[in-house]
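In the numbering used here, the protein residues as written are 390 to 500.
Following this line, the structure appears as structure tokens:
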């Protein structure tokens, strides 16, 4: 039973940390976009920082595994925020996928 209690406490701690990324303003309000941008920006910067750490520091196997887990968490947070953005745009009557991915053939660089 002790392990269950420990798991419950760990889950509660994780939820408390992730609550920062909850956007609490209504989707159809102007305040939503300011809060969304703040949360999206912080999650993006955290992911960039983790990538930089992975490339510039020599990490132990355990540290690298933790870093990869953290990157996965931030990817999930960014997906959540993108879903909120899509829902908010849908409420405004804007539909479509603005996440255009380019492949090498689409990029035309003239040097």
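Beta carbons: idealized from backbone N, C-alpha and C, even for Gly. A quick note: this is a predicted structure, and the numbers were derived from the prediction, not measured.
Taking the alpha helix (DSSP H) that residue i belongs to, which residues open and close that run?
i: residue 464; result: 450 to 480
i: residue 408; result: Here residue 408 belongs to no alpha helix (DSSP H), and DSSP marks it neither H nor E.
i: residue 434; result: 419 to 445
Comparing C-alpha positions only, which one of the options sits nearest to residue i?
i: residue 427; options: 482, 467, 449 and 393; result: 467
i: residue 478; options: 433, 422, 443 and 432; result: 422
i: residue 476; options: 394, 395, 416 and 408; result: 416
i: residue 408; options: 432, 451, 441 and 420; result: 432
i: residue 430; options: 394, 480 and 471; result: 471
Residue i and residue j look like a contact to me (Cβ under 8 Å); what is the Cβ gap, rounded to whole Å?
i: residue 436; j: residue 463; result: 4 Å
i: residue 460; j: residue 439; result: 5 Å
- Message: Closer than 8 Å is the cut-off here; do at least three beta carbon pairs connect the region 437 to 447 with the region 411 to 419?
- Response: No, because fewer than three Cβ pairs between the region 437 to 447 and the region 411 to 419 fall closer than 8 Å, the two stretches do not touch.
- Query: Given 8 Å as the limit, is there contact between the region 394 to 402 and the region 451 to 466, that is, 3 or more CB pairs closer than that?
  - Reply: Fewer than three pairs of CB atoms, one per stretch, sit closer than 8 Å, so the region 394 to 402 makes no contact with the region 451 to 466.
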